[in-house]
Every structure is written in C-alpha cells, then in structure tokens.
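Beneath this line is the structure, given in structure tokens, with notes to follow.
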Amino acid sequence: MDPWLIWLIIGLVLAIAEIFTLTAALGLLGVAAITTAGSAAIGLPIAGQLVVFSVVSAAGVVLVRPWARRMMLRPRPERFGVEALVGASAYVLREVNDHEGLVRLRGEDWTARPYDRSVVIPAGSTVDVLHIDGTTAVVYPRE
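Okay, structure coming up:
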C-alpha cells in the first residue's frame with residue numbers, strides 16, 4: 007500500500023474520531039495526517055513525512071489551542087432560565103410584602119417578596135426583578 011494512502015486513511019479515521027469525541031486534538035492530528043498524505047504523494051521520504059506530520063501537529067496545537075481556549079472561556083452574552091428574568095419588569099397582581107405577594111413576570115405568575123422587607127408594594131404597581139430566590143422573585147418598586 008502506498009504511504010500517502012496510509013496517511014490518508016489515518017487522517018480520515020482521526021477526523022471521524024473527532025466527530026464523536028469533540029476534543030479538537032484528534033481533529034488537529036487528522037489535519038496533520040492529511041497534510042502528510044499530500045507530502046507523501048509528491049514523493050517525500052518517510053523521514054520527511056514524519057517531520058511534516060510533527061511540524062503540522064505542533065503548529066496546530068500552538069496556533070489553534072490558545073484561540074479555542076479563549077473562545078471556551080469567554081462568557082456567554084445571552085442568559086438562560088431564571089437568569090434571563092433578572093432585570094425584567096413585572097406587574098404586581100397581589101400586594102407584595104414581607105410575607106406574601108404575586109407578580110406577573112413575562113406572562114407567568116410568580117410569588118414575590120420585596121428586596122427591602124420593610125417596603126409594601128401595592129397591587130397594580132410595576133416592579134423590577136433583582137434576582138430569583140428559588141421560585142420567588144425578589145423585586146424592587148419602580149420610582
């Protein structure tokens with residue numbers, strides 16, 4: 007079997023393995039193997055092929071890994087779940103005091119309590135959600 011075909015098979019196997027593992031390391035090695043298949047196809051000796059494989063693999067790790075790490079560690083701009091409710095406005099359905107309260111928040115009814123426990127927020131008011139504590143919205147009246 008020709009060396010370029012062996013490198014091509016190795017590259018394809020690594021690329022397929024990358025699809026299942028999503029580690030990026032196998033993908034970089036797959037790209038290096040396919041590049042080496044090209045160098046083998048033009049007649050580079052085995053020692054040269056190993057050098058090409060090593061250099062392309064190292065370059066992939068040195069160049070791609072820092073970029074990928076930055077992308078993975080960057081905070082997501084969008085919030086999901088109850089975090090997305092923080093900062094939203096809500097309509098008070100039933101007076102909100104230290105013991106009870108009900109607000110309509112994005113079309114759903116939520117139990118509520120005021121951020122400042124001494125404040126009583128009358129029904130019909132608009133409030134801002136400061137945070138979610140379990141299933142209770144902690145709210146503050148709009149001025």
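Here the sequence shown stands for residues 7 to 149, numbered as in this note's numbering. Heads up, the beta-carbon is just placed ideally off N, CA and C, and yes, glycines get one too. Just so it is clear, the structure is predicted and the values come from calculations on it, not from any experiment.
**Asked** Tell me which same chain residues have a C-beta within less than 6 Å of the C-beta of Leu-14, skipping the five on either side of it?
**Response** Ala-43
**Asked** DSSP beta-bridge partners for Trp-116?
**Response** Val-109
**Minimum length 4: unbroken alpha helix (DSSP H) runs contained in the stretch 18-91** = 31-47, 52-79
**Residue environment, Thr-41, which counts as buried when at least 16 other CB atoms sit within 10 Å** = buried
**Message:** Once DSSP output is grouped into helix, strand and coil, what is the label at Pro-147?
**Reply:** strand
**Asked** Does the ligand SAM have a heavy atom nearer than 7 Å to the CB of Asp-8?
**Response** Of the ligands one can find in the structure shown there are none, so the ligand SAM has no counterpart to examine.
**Request:** Using a threshold of 8 Å, state whether the C-beta atoms of Ala-90 and Ala-118 are closer than that.
**Result:** no
**Asked** What is the C-beta distance between Gly-36 and Leu-20, in whole angstroms, given that I count them as a contact (C-beta under 8 Å)?
**Response** 3 Å
**Prompt:** Where do the N-terminal and C-terminal ends of the beta strand (DSSP E) with Ala-96 fall, by residue?
**Reply:** 95-100
**Asked** Hey, how far is the Cα of Ser-88 from the Cα of Leu-34?
**Response** According to the sequence displayed, residue 88 carries Val and not Ser. Roughly 38 Å between the two C-alpha positions.
**Prompt:** What number of angstroms, rounded off, separates the C-alpha of Val-133 from the C-alpha of Met-77?
**Reply:** 36 Å
**Message:** Give me the residue from Gly-93, Asp-115, Pro-120, Arg-110 with the minimum Cα distance to Asp-104.
**Reply:** Pro-120
**Asked** What residue does the beta strand (DSSP E) around Asp-134 start on, and which one ends it?
**Response** 132-139
**Prompt:** Thinking C-alpha only, which one of Val-98, Ala-74, Gly-93 is nearest Leu-28?
**Reply:** Ala-74
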